[in-house]
Amino acid sequence: MFQVKNICCIGAGYVGGPTCTVIAQMCPDVTVTVVDINEARIQAWNSDKLPIYEPGLQEVVESCRGKNLFFSTNIPEAIRKADIIFISVNTPTKTFGMGKGRAADLKYVEACARQIAEIADGYKIVVEKSTVPVRAAEIIRRIFKTSTKPSLSFQVLSNPEFLAEGTAIENLKNPDRILIGGDDNPGGQEAIATLSAIYEHWVPKSKIITTNTWSSELSKLAANAFLAQRISSINSISALCEITGADVGEVAHAIGTDQRIGRPFLQASIGFGGSCFQKDILNLIYICETLSLHEVAMYWQQVLEINDYQRRRFASRIVSCLFNTVADKKLAVLGFSFKKDTGDTRESSSIYVCKYLMDEGAHLAIYDPKVSREQIIRDLSHPTISGDNPERVSELVSIASEPYEACENTHALLICTEWDLFKDLDYERIYQKMLKPAFIFDGRRVLDGLHKKLLQIGFQVETIGKKVYPNTTVAPVYNPRQQDPTPVKKVRI
Ligand code: UDX
Ligand code: ADP
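The sequence shown begins at 4 in the working numbering and counts up one residue at a time.
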């Protein structure tokens with residue numbers, strides 16, 4: 004079999020960086036070069052302060068950087084040397100033109116394909132790592148076929164990445180499966196075997212699934228859609244729980260023990276965020292619409308509708324409990340990243356909850372252990388969040404450097420990200436410094452085990468998917484449909 008000596012990864016982001024770092028650690032006989040057009044990003048990968056926060060990443064990078072792992076902006080050289088080229092560039096939702104707000108923008112993938120076709124020579128295996136619409140590999144193949152270089156031969160494979168942020172290193176080292184799709188002909192099968200051999204350095208062969216290219220591309224979209232659908236399903240039930248007295252945690256446990264349903268991804272929350280779920284479902288919807296599969300498109304659209312509804316419902320519950328107005332009231336927002344153990348804020352539900360509360364005139368004191376002040380201000384000043392009045396962010400928002408500072412003189416504290424440290428705060432101390440009645444709105448159910456204690460301290464506790472009486476003076480009975488704020492446009496253009 005073809006012996007791989009050099010791998011190049013185009014795109015040093017959340018997917019390309021960690022994935023290739025782990026490949027380098029697991030395959031010491033292979034040289035891995037991660038390249039990017041963004042110089043600052045590459046500089047950061049070469050420094051002590053990596054451009055992304057991911058538990059365990061720093062250690063893995065340090066164990067092989069400069070040995071068989073390199074970060075560079077010299078894209079042509081890396082392409083020339085490589086036997087395998089991963090394309091790990093971003094595929095954002097289109098913000099203009101046909102498919103605006105739905106289709107994936109493949110301009111970065113296409114630019115990579117063109118650059119590879121121009122520079123590469125000899126035999127190359129080109130691997131789609133980025134999430135792409137089904138049949139995207141065809142675009143890459145067609146671009147390569149236009150090359151006039153007789154010596155260039157290639158195979159295009161689909162090898163989607165299933166890592167989740169916050170657990171990326173663990174997911175990469177011990178994946179549930181590796182999926183490789185390629186052509187059903189000898190050349191395609193040979194390329195699949197070559198890529199598979201890389202993963203076989205540490206992944207049992209039984210976990211490596213091989214399919215045709217289109218199944219592999221579609222499986223990635225379908226996997227994300229199914230995961231997001233589970234969250235919307237449990238979130239829809241959480242709305243019922245809050246009114247009926249059922250507890251969504253108990254319901255999730257009860258249904259999750261059925262092996263056919265399973266336990267993971269049934270944690271009710273203020274809605275899913277992250278760079279993938281919304282983008283991939285929108286992409287799936289767009290593909291269905293263009294293929295006239297309208298009922299299928301509407302089915303997946305509903306997963307996004309419930310996600311928006313959940314964010315709006317949380318914001319309107321806050322307004323309703325705070326005597327129907329938050330105007331000029333100070334509220335502490337704990338957590339801004341889209342989930343714990345990452346500094347990534349893309350599509351974070353915190354952004355939307357903050358937007359709805361800013362629309363009501365609330366003052367927000369925001370704390371997150373891994374998101375920078377600049378990032379928070381940038382996210383909240385975005386036109387889809389602030390409209391044409393970005394100045395109001397500086398009027399309404401302050402950033403705290405620690406959680407106790409954020410909670411001072413506030414009417415309520417809102418938990419928007421499930422950071423572990425929020426479980427261990429000194430709530431007695433926080434209560435003393437808050438205005439009374441002091442409310443806690445737990446959008447992540449991180450304080451589930453502490454309700455009794457919090458009620459004893461004097462807090463009024465409101466949590467997703469559960470009624471926490473008896474201290475509540477304001478009955479949390481409201482009509483969410485009437486009170487919900489207007490939804491934000493699906494895509495932050
Ligand atoms: C997701 C997929 O899990 C991963 O396989 C794919 O490669 C990329 O997209 P990621 O977005 O990084 O990964 O994180 P994930 O753990 O899936 O969480 C996504 C969002 O759903 C987060 O906002 C999280 O807080 C939320 N979530 C997750 C819930 O609200 N409830 C749950 O039970 C699980
Ligand atoms: P993901 O979460 O999918 O990894 P990111 O936005 O974190 O997405 O990373 C994608 C990276 O791809 C960015 O650092 C971007 O600069 C890089 N990129 C985009 N287009 C190109 C290109 N043509 N050549 C090299 N790098 C690119």
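Built from N, CA and C at the ideal position, the CB exists for glycine as well.
Here the structure is a predicted model, which is why all the values come from computation and not from measurement.
Residue pairing for N9: DSSP places it in a beta bridge opposite T34. The beta-carbon distance between I288 and L417, rounded to whole angstroms, is 31 Å. This is too long to meet the 8 Å contact definition.
S75: member of the beta strand (DSSP E) spanning 72–75, first to last residue. A residue is called buried when at least 16 other Cβ atoms come within 10 angstroms of its Cβ; R432 does not meet this threshold and is exposed.
Separation of G19 and R316 (C-alpha to C-alpha, rounded to the nearest whole angstrom) is 36 Å.
Put simply, the residues with a CB less than 5 Å from any heavy atom of ligand 1 are F165, A167, E168, I234, F268, Q270, S272, F275, G276, G277, C279, F341, K342, in chain order. Restricting attention to beta strand (DSSP E) runs no shorter than 3 residues, the region 274–317 encloses none. The way I'd put it, the region 460–474 does touch the region 243–255; three or more beta-carbon pairs between them come closer than 8 Å.
At a cut-off of 7 Å, the beta-carbon of I13 counts as near ligand 2: some heavy atom of the ligand is closer than that. Just so you know, the alpha carbons of G59 and L166 end up roughly 14 Å apart. In this structure, the C-beta of A114 approaches ligand 2 to less than 7 Å from one of its heavy atoms. Under DSSP, L383 takes part in no beta bridge, so it has no partner. The DSSP-derived three-state label of R180 is coil. One Cα belongs to R263, the other to A228, and the distance between them is close to 18 Å. Between the region 399–409 and the region 367–379, the count of C-beta pairs closer than 8 Å reaches three or more; the two stretches touch.
Rounded to the nearest whole angstrom, the CA to CA distance from V159 to T24 is 22 Å.
With a beta-carbon spacing of about 12 Å, L360 and V396 fall beyond the 8 Å limit used to define contacts. Using a Cβ distance threshold of 8 Å, L175 and P21 count as a contacting pair. Residues T24, V25, Q28, I172 of the same chain have their beta carbon placed closer than 7 Å to that of V63, with the five preceding and five following residues left out of the count. Sixteen is the threshold: since fewer than 16 other Cβ atoms of the shown chains lie within 10 Å of the Cβ of L294, the residue is exposed. Between the C-alpha atoms of E42 and T76 there is a straight-line separation of about 6 Å. If you draw a 10 Å sphere on the C-beta of D331, you find fewer than 16 other C-beta atoms in it, and that means exposed. For T345 against G169, the beta-carbon gap comes to about 5 Å, under 8 Å, which counts as contact. Burial check for P267: the Cβ neighbour count within 10 Å stays below 16, so the residue is exposed.
Judged by DSSP in its simplified three-state form, N93 adopts coil rather than helix or strand. Taking all protein chains shown into account, N310 has 16 or more neighbouring C-beta atoms within 10 Å of its C-beta and is therefore buried.
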